[in-house]
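These notes are about the structure you will find just below.
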Ligand code: CS2
Ligand code: MN
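Numbering (the working numbering), first residue to last: 125 to 480.
See the structure below:
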């Protein structure tokens, strides 16, 4: 595995490449062209410039999170073919720049959802948190302004103002899209891009839905073992794979993550390993990474990744906000750095144990 941190790019991230380079064991970053809009083909010069910038700092560009998918593809409109063409152009540019992993999601309208971006824990740190009862009371129209107000001035991934200005229109677009249609539209998209992925050796890593159940009556399809296995067998190419996000899948306590890792095996192309704390059904806080501080067995998760031969990029995903840092919620430097060193320590112990 290759330990990485997510980096949003100069001008978008409060964290610098220089800082990331100084986190022990972190060798790479996962980044994106944060100012591109879904549906647009990424200019090759910009891909190369992004890669050069990362490499100049002594880091490896280990993959892209995300190349977002235009809603017409998710809804299955006739215009989807043109947006898939553009997606393919982006993949070609990435392949030519020797970038081989792309994380994306197939969630309608919203990316991840939280009810609180700054919940205080007893130690004075703040975390992202989810409470279904609160989400049920949210007026979707007002949600954007409350997210913006709590985002420390950063644009949250998946919550871009241009998209959220159209939120009513987006809901309307999805009104006839049920789980089955969404699944078929995902397969259509994947089948269309697989030849390009094969040509350039690009692994597609779908991110699970977060939380792992339908929200706002919108369908969600990447939520558990059976549904994910169905996707992996519907498009059986090795390049059609998964981002194993423990925090997203783990939002549902019925998801047994080590068991899922064994079931998906070599189709896991990217790992997000973080802990969450289950408070009640449909209610959880994000937690510090160590096993004893949350509800997930992070040791068992890392062991399952090791035992199945996982060799892709991994990142600590979100962290708490600690030591008075001001950063994008979930994406401060300090707690993610602690997470990265903790996960690296577990991996070293597991690896040395296996060698005897
Ligand atoms: C990420 C997601 O911050 C996060 O929660 O894990 O936003 C993820 O990047 C997207 O769903 C992938 O497209
Ligand atoms: Mn994740």
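We put the CB at the ideal spot given by N, CA and C, even for glycine.
With a threshold of 6 Å, the Cβ atom of residue 393 does not count as near the ligand MN, since no heavy atom of the ligand is closer than that. Taking the Cβ of residue 459 as the reference point, every heavy atom of the ligand MN lies at 6 Å or farther away.
Here the C-alpha atom of residue 387 lies approximately 25 Å from the C-alpha atom of residue 463. For residue 444, there is no enclosing beta strand (DSSP E), since its DSSP letter is neither H nor E. The beta-bridge partner set that DSSP reports for residue 255 consists of 407.
Distance from the C-beta of residue 413 to the nearest heavy atom of the ligand MN is not below 6 Å. At a cut-off of 6 Å, the beta-carbon of residue 235 does not count as near the ligand MN: no heavy atom of the ligand is closer than that. At the C-beta level, residue 437 and residue 187 come within 7 Å of one another.
In summary, residue 477 is exposed, with fewer than 16 beta-carbon neighbours lying within 10 Å of its beta-carbon over all protein chains present. Between residue 336 and residue 376, the gap from beta carbon to beta carbon is short of 7 Å.
For residue 437, the enclosing beta strand (DSSP E) covers residues 437-439.
Rounded to the nearest angstrom, the Cβ distance from residue 420 to residue 370 is 6 Å, consistent with a contact under 8 Å. Runs of the beta strand (DSSP E) spanning 3 or more residues and lying entirely within the segment 374-422 occur at 392-396, 399-404 and 407-411, in chain order. For the pair residue 366 and residue 329, the CB atoms are nearer than the 7 Å cut-off. In the three-state reduction of the DSSP assignment, residue 235 falls in the coil class. Take the alpha-carbon of residue 189 and the one of residue 257: they are about 30 Å apart. In this structure, the beta-carbon distance from residue 302 to residue 343 falls below 7 Å. For residue 215, the uninterrupted alpha helix (DSSP H) segment begins and ends at 204-220. In this structure residue 276 touches residue 451 by the C-beta definition: roughly 7 Å separates them, less than 8 Å. Residue side-chain check: residue 228 places its Cβ nearer than 6 Å to a non-hydrogen atom of the ligand CS2.
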